[in-house]
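Take a look at the structure set out below.
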Amino acid sequence: MYYELRTYTLKPTKMADWLALYRSHCLELQTEHLGKLVGFFTTEFGGANQVVHIWAYESLDDRIARRTKMAADPRWAEFGRLNKELDAVVHLESRLMRPTGFSPLQ
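Read left to right, the sequence shown gives residues 4 to 109 (this note's numbering).
Structure (structure tokens):
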């Protein structure tokens, strides 16, 4: 398994608006295409105004295939347009991680 940890840093006044946009236009789309959502979080301490979500993939090829299919979906383009219009995202960081042999998540 591979886990993708995506961290979005948002403008301070845009958190509620971005979460509402994500929930209404992206959550179902990503769940349909990407598969297993492990968790979706907002930060309480540390980096402020951050949204973190984790997706699980069987392999690197699985991730590539799923994200390629999602990118071709017109709903993804619509979310991208609305996301750009909202202008909430300051920074995106994506990490691809593999669990250790003793991790509870395999």
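Glycine included, every Cβ here is placed at the ideal spot set by N, Cα and C.
**Study point:** Those residues which DSSP pairs with Gln53 across a bridge
**Key:** Thr12
Exercise for review: Pull up the CB-CB distance for Leu99 and Tyr5, whole angstroms please, since I reckon it's below 8 Å.
Suggested key: 6 Å
Exercise for review: Note down the Cα distance separating Leu24 from Leu85, rounded to an integer number of angstroms.
Suggested key: 8 Å
Review point. Among His28, Thr45, Thr34 and Lys39, which has the Cα closest to the Cα of Glu81?
Key: His28
Check your understanding: Taking DSSP as the reference, what is the three-state secondary structure of Thr34?
Key -> helix
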